[in-house]
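The structure appears right after this line, and notes come after that.
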Amino acid sequence: WTFLTSPARVDTTRYQRRGSVLSKYFPREKPTEVIDKWKLQLEQKPQWTENSIRLGAIARKKGMTALWDEWGVRQPCTILQFEDVQVVQIVENKKFVKPHLVSVQIGCSNKEKNVSRPLLGHFKAAGVAPKWKLCDFHVTSDAVLPVGSEIKTAHFVPGQYVDLQAPSLGKGFAGVMKRWGFKGLPASHGTSKTHRSAGSTGQNQTPGRVFKGKKMAGRMGGNNVTVSTKILKIDNALNLIYVKGPVPGYKGQFVRIRDAVKKQGAACFPQDYIPPP
Numbered sequence: 046w047t048f049l050t051s052p053a054r055v056d057t058t059r060y061q062r063r064g065s066v067l068s069k070y071f072p073r074e075k076p077t078e079v080i081d082k083w084k085l086q087l088e089q090k091p092q093w094t095e096n097s098i099r100l101g102a103i104a105r106k107k108g109m110t111a112l113w114d115e116w117g118v119r120q121p122c123t124i125l126q127f128e129d130v131q132v133v134q135i136v137e138n139k140k141f142v143k144p145h146l147v148s149v150q151i152g153c154s155n156k157e158k159n160v161s162r163p164l165l166g167h168f169k170a171a172g173v174a175p176k177w178k179l180c181d182f183h184v185t186s187d188a189v190l191p192v193g194s195e196i197k198t199a200h201f202v203p204g205q206y207v208d209l210q211a212p213s214l215g216k217g218f219a220g221v222m223k224r225w226g227f228k229g230l231p232a233s234h235g236t237s238k239t240h241r242s243a244g245s246t247g248q249n250q251t252p253g254r255v256f257k258g259k260k261m262a263g264r265m266g267g268n269n270v271t272v273s274t275k276i277l278k279i280d281n282a283l284n285l286i287y288v289k290g291p292v293p294g295y296k297g298q299f300v301r302i303r304d305a306v307k308k309q310g311a312a313c314f315p316q317d318y319i320p321p322p
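Now the structure itself:
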């Protein structure tokens, strides 16, 4: 028995299974309570600084409407709604992430069916419902929220600048006039059924090829587009955000929203909302 029960030779975890003959020699250890340092940090209420990078969120595009500002000017705006936005995972020292930043995974919109088993285990470990959309945000350590925390529209303030990121509408296969704004060939004087053609795309035998990146006909749209805009209004009761101007994507599209990158520190927020929530 000394030979069998030697920890150096036997993987003791196989004997910890229920019903094993040797389970009495290797009793299961009671799980210890894991202290969440991010919850402790939130209780200490860390202070916002000019170098803080706050957490973003995922919203769904609901459509467009118009608002009138204090000068009576009509402002077209897009409505974004937050649907069960929660923190799913926190990873420190993640690959391809700057050392001073923490990767925080956000999920949006509960999903009731057609969820793979690996994802079910991922959400179960976090203690949240399965989500339709997951996104990672790289934030500073003073802006991390604990796993399971819900993010609402009160996370942002009216008048602040935000960056919105979403895939644009796909236009399908388009020619050079629609895709790149080419003038086209002459409309008359000998041009035969090639008025919207691209024309020549290369040179002669030297170099004898078409250079990479040449503007030609191809698939248009469907690319990730970032729009920097301003928040006009926030409805905390319905979790709605009204942003100025259009937002890429169709109705129901998932949109990443975060503080504007080119507006660093206090320049991103109105003076009445510093420090931000």
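At position 96 of the sequence shown the residue is numbered 141 (the numbering used here), and the sequence of numbers has no breaks. Ideal Cβ positions, reconstructed from N, Cα and C, are used throughout, including at glycine.
task: Taking Lys143 as the reference, give the member of Leu190, Phe182, Ala232 and Tyr206 with the closest Cα.
output: Phe182
message: If contacts are defined as beta-carbon pairs under 8 Å, then Leu209 and Val288 qualify, I think. What distance do you get, rounded to the angstrom?
response: Right, their Cβ atoms sit about 7 Å apart.
task: Could you name the residues of the same chain whose beta carbon sits closer than 7 Å to that of Gln134, not counting the 5 residues immediately before and after it, in chain order?
output: Answer for Gln134: Gln150, Ala171 and Val192, listed in chain order.
query: In three-state terms, what does DSSP make of Tyr295?
result: coil
message: Val202 and Pro322 - do their beta-carbons sit closer together than 8 Å?
response: yes
query: In chain order, what residues of the same chain lie with their CB nearer than 6 Å to the CB of Trp113, ignoring the 5 residues before and after it?
result: Taking Trp113 as the centre and dropping the five residues before and after it, the same chain places the C-beta of Arg119 closer than 6 Å to its C-beta, in chain order.
message: Using the Cβ count rule (16 or more neighbours within 10 Å means buried), how would you classify Cys153?
response: buried
- prompt: Considering only C-alpha positions, which residue in the set Ser273, Pro121, Leu190 and Leu277 is nearest to Lys308?
  reply: Measuring from the Cα of Lys308, the nearest candidate turns out to be Ser273.
field: Between the CA atoms of Ser242 and Met109 - distance to the nearest angstrom
entry: Met109 and Ser242 have their alpha carbons spaced roughly 36 Å apart.
- prompt: So which of Asp280, Val184, Phe227 and Pro212 has the shortest CA-CA distance to Met261?
  reply: Looking at the Cα atoms, Phe227 is the closest of the given residues.
task: Keeping to the same chain, check which residues put their C-beta closer than 8 Å to that of Leu230; ignore five residues upstream and five downstream.
output: Thr236, Thr239, His240, Arg241, Ser242 and Gly244
- prompt: DSSP on Ala232, reduced to helix/strand/coil?
  reply: coil
query: Excluding the five sequence neighbours on either side, which residues of its own chain have a C-beta within less than 6 Å of the C-beta of Glu95, listed in chain order?
result: Gly310
task: Using alpha carbons as the reference points, say which of Trp225, Lys169 and Leu190 lies closest to Asp81.
output: Leu190
field: Spatially closest choice to Lys90 from Gly247, His145 and Asp187, by CA coordinates
entry: Asp187
- prompt: Exposed or buried, which one is Val306 when buried takes at least 16 other CB atoms within 10 Å?
  reply: Exposed, by the Cβ-count rule.
query: According to DSSP, is Ala102 helix, strand or coil?
result: strand
query: Can you give the beta carbon distance from Ile279 to Thr185, rounded, assuming they're within the 8 Å contact cut?
result: Not quite, the Cβ-Cβ distance comes to about 24 Å (not below 8 Å), so this is no contact.
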